[in-house]
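J.: Here it is: the structure, laid out below.
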Amino acid sequence: MVRVTRRAFLHGSAALAAVTAATTAPRLARAADPIKTAAIYTVPVEQQWVSRIHLAATKAVERGDIDYVFSEKVSNTDYERVMREYCEAGYKLIVGEAFAVEEAARAVAKDYPDVAFLIGSSFKPDAALPNFATFDNYIQDASYLSGMIAGAMTKSGNIGMVGGYPIPEVNRLMNAFMAGVREVKGDTKFQVAFIGSWFDPPKAKETALAQIDAGADLLYAERFGVSDAAKERGILAVGNVIDTQADYPDTVVASALWHFEPTLDHAIAQVKAGKFAAEDYGMFSFMKAGGCSLAPLGTFDGKVPADIVAKVQAREAEIKSGAFTVAIDDNEPKSS
Numbered sequence: 061m062v063r064v065t066r067r068a069f070l071h072g073s074a075a076l077a078a079v080t081a082a083t084t085a086p087r088l089a090r091a092a093d094p095i096k097t098a099a100i101y102t103v104p105v106e107q108q109w110v111s112r113i114h115l116a117a118t119k120a121v122e123r124g125d126i127d128y129v130f131s132e133k134v135s136n137t138d139y140e141r142v143m144r145e146y147c148e149a150g151y152k153l154i155v156g157e158a159f160a161v162e163e164a165a166r167a168v169a170k171d172y173p174d175v176a177f178l179i180g181s182s183f184k185p186d187a188a189l190p191n192f193a194t195f196d197n198y199i200q201d202a203s204y205l206s207g208m209i210a211g212a213m214t215k216s217g218n219i220g221m222v223g224g225y226p227i228p229e230v231n232r233l234m235n236a237f238m239a240g241v242r243e244v245k246g247d248t249k250f251q252v253a254f255i256g257s258w259f260d261p262p263k264a265k266e267t268a269l270a271q272i273d274a275g276a277d278l279l280y281a282e283r284f285g286v287s288d289a290a291k292e293r294g295i296l297a298v299g300n301v302i303d304t305q306a307d308y309p310d311t312v313v314a315s316a317l318w319h320f321e322p323t324l325d326h327a328i329a330q331v332k333a334g335k336f337a338a339e340d341y342g343m344f345s346f347m348k349a350g351g352c353s354l355a356p357l358g359t360f361d362g363k364v365p366a367d368i369v370a371k372v373q374a375r376e377a378e379i380k381s382g383a384f385t386v387a388i389d390d391n392e393p394k395s396s
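Okay, so the sequence shown: first residue is 61 according to our numbering, each after it adds one.
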């Protein structure tokens, strides 16, 4: 896939818009050719959450399902303009994140009823806006399992947790992780902090170092930078959304992975069938849908107690079968 940024794309957008304006099919019509897809990200494409969307889109390109361009590091104040430029240029599936620009994103969707919008959001879809579907990383299942491993690996029973913002999509993962820890080590104490940024590794590291100084011997790395603090101080960390063990082979013991493929693939299928609608795509991140998993133990294979590994495997099977349900708790987690 050729990496296309917004700067390069915009040079040809005006001419392309003139062509597509004359050939636009009826509202959300059936798509036979690769779907013209554009993604808009407020952070670098390497950031955890966004990287999983980008990976799924790249796979869809390789299958021939979509043509794909993206814009990264788009400011909140610029987000609506970029959305409109892609719509005017004839893109038929817009993927993005509306957490800080919800009203603007929905306004754009209202103005372009023939475009399908698959948007990360803390809110639900609205039947009055049939071309605007929402998704989120509901990976509480994998987060719970990673917490079980953390509960077995902490010696002090004091775990530090560093997140970006206390919003539902972060809170539910932290709460699920804490619940998993407590299943194994019920008296664990948690230090919970938020850095007020989606991408500030130095600040995340600084916050994590303070938690280590306050007694934490294991860290939950919801943000980049936390595992650096754990590595520097020689303690363990648990990752989130992506697997960074290759970069921290002696530090990252477990990670809850998000797989965006089921979410994007459903949207692609709906667009191709002319059936895209205002659905809540949250369920496609559940473990039983293939939307999340626990990363392989890798370098920690044989280092996590065998009885805990067996318990984790049993819980995973129960989650997939529906015999065990991980609670979805969107409330802000607190230190304890």
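Just so you know, even glycine gets a beta-carbon here, dropped at the ideal spot from N, CA and C.
Excluding the 5 residues flanking ALA212 on each side, which residues of the same chain have their C-beta closer than 7 Å to its C-beta?
T.: Only VAL244, VAL364, PRO365, ILE368 meet the Cβ criterion.
J.: Please report the straight-line C-alpha distance between ASP196 and GLY150, rounded to a whole angstrom.
T.: Cα-Cα distance, rounded: 26 Å.
J.: By Cβ distance, which residues of its chain are closer than 7 Å to THR194, with the 5 residues on each side in sequence left out?
T.: Result list for THR194: ILE179, SER181, PHE183, LYS184, PRO185, ASP340, TYR341, in chain order.
J.: With C-beta atoms as the reference, is TYR128 less than 9 Å away from THR97?
T.: Going by C-beta atoms, TYR128 is nearer than 9 Å to THR97.
J.: If you draw a straight line from the C-alpha of ASP389 to the C-alpha of ASN235, how long is it?
T.: The alpha-carbon atoms of ASP389 and ASN235 are separated by roughly 6 Å.
J.: Can you list, in chain order, the residues of its chain whose CB lies under 7 Å from that of ALA338, leaving out five sequence neighbours each side?
T.: PRO185, ASP186, ALA187, LEU189, PRO190, PHE192, ALA193.
J.: Could you check where the beta strand (DSSP E) with SER131 kicks off and where it finishes?
T.: Its beta strand (DSSP E) spans residues 126 to 131.
J.: In the DSSP assignment, find the beta strand (DSSP E) that holds ASN300 and state where it starts and stops.
T.: Looking at the DSSP string, the run of the beta strand (DSSP E) that includes ASN300 is 296 to 301.
J.: Counting only beta-carbon separations shorter than 9 Å, does ALA98 have a partner in chain B?
T.: The structure shown contains no chain B, having only a single protein chain.
J.: Can you tell me which of the three DSSP states GLY211 falls into?
T.: Helix.
J.: Entirely within the segment 252 to 340 and at least 4 residues each: give me those alpha helix (DSSP H) ranges in chain order.
T.: Whole alpha helix (DSSP H) segments, 4+ residues: 261 to 273, 286 to 293, 321 to 333.
J.: Say whether the segment 273 to 281 touches the segment 325 to 334, bearing in mind that this needs 3 or more beta-carbon pairs closer than 8 Å, one atom from each stretch.
T.: In short, these stretches do not touch, since the Cβ pair count stays below three.
J.: Quick check on ILE95: does DSSP put it in helix, strand or coil?
T.: If DSSP states are grouped into helix, strand and coil, ILE95 belongs with the strands.
J.: What is the DSSP secondary structure of ALA383, reduced to helix, strand or coil?
T.: It is coil, neither helix nor strand.
J.: What three-state label does DSSP hand THR248 in the structure shown?
T.: Reduced to three states, the DSSP call for THR248 is coil.
J.: Please work out which residues of its chain come closer than 8 Å, Cβ to Cβ, to LEU324, disregarding the five sequence neighbours upstream and downstream, and give them in chain order.
T.: Cβ within range, chain order: ILE113, ALA116, ALA117, ALA120, VAL155, LEU178.
J.: Out of GLY285, ASN218, PHE254, point me to the one whose CA is closest to PRO261's CA.
T.: Closest option to PRO261, Cα to Cα, is GLY285.
J.: Work out the CA separation of ALA158 and PRO356 for me, nearest whole Å.
T.: Taking the straight line from one Cα to the other gives about 32 Å.
J.: Using a Cβ-Cβ cutoff of less than 6 Å, which residues in the same chain neighbour GLN108 once the five nearest sequence positions on both sides are dropped?
T.: Same-chain partners within the cutoff: VAL301, ILE302.
J.: Considering just the uninterrupted stretch of the alpha helix (DSSP H) at ALA399, what are its terminal residues?
T.: Outside the modelled stretch of the chain, which goes from 61 to 396, sits residue 399, for which no answer is possible.
J.: I'd like to confirm the pairing. Which residues does DSSP put opposite PHE192 in its beta bridges?
T.: In the DSSP output, where bridge partners are listed per residue, PHE192 has PHE177.
J.: Are there three or more Cβ pairs, one per stretch, closer than 8 Å when the segment 197 to 206 is compared with the segment 162 to 176?
T.: Touching, no.
J.: Identify which residue in ASP125, PHE237, GLY224 has its Cα closest to the Cα of TRP258.
T.: When each option's Cα is compared against that of TRP258, the closest is GLY224.
J.: Could you spell out where the beta strand (DSSP E) holding ASN218 opens and where it closes?
T.: Here the beta strand (DSSP E) through ASN218 covers 218 to 223.
J.: If we count the other Cβ atoms within 10 Å of its Cβ and call it buried at 16 or more, is ASP361 buried or exposed?
T.: Counting Cβ neighbours within 10 Å, ASP361 comes out exposed, since fewer than 16 surround it.
J.: Expressed to the nearest angstrom, what Euclidean distance is found between the alpha-carbon atoms of ARG144 and VAL134?
T.: The alpha-carbon atoms of ARG144 and VAL134 are separated by roughly 13 Å.
J.: Assign LYS152 to buried or exposed, taking buried as 16 or more other Cβ atoms, counted over all protein chains shown, within 10 Å of its Cβ.
T.: Buried, since its Cβ has 16 or more Cβ neighbours within 10 Å.
J.: Compare the Cα-Cα distances from ILE255 to each of LYS249, ALA270, ALA349 and report the closest residue.
T.: Measuring from the Cα of ILE255, the nearest candidate turns out to be ALA270.
J.: Quick check on this structure: which residue in GLU266, SER381, PHE344 has the alpha carbon closest to the alpha carbon of GLU292?
T.: Residue GLU266 is the option with its Cα nearest to GLU292.
J.: In angstroms with no decimal places, state the Cα-to-Cα distance between GLY20 and MET208.
T.: Because residue 20 is not part of the residues shown, which for the chain are 61 to 396, the question remains open.
J.: Between GLU378 and PRO104, what straight-line distance do the alpha-carbon atoms span, to the nearest angstrom?
T.: GLU378 and PRO104: Cα-Cα distance of roughly 36 Å.
J.: What do you reckon, are the CB atoms on ASP138 and ILE95 nearer than 9 Å?
T.: Contact: no.
J.: Are the beta-carbon atoms of ALA281 and ALA297 separated by less than 9 Å?
T.: For ALA281 and ALA297, yes; Cβs fall inside 9 Å.
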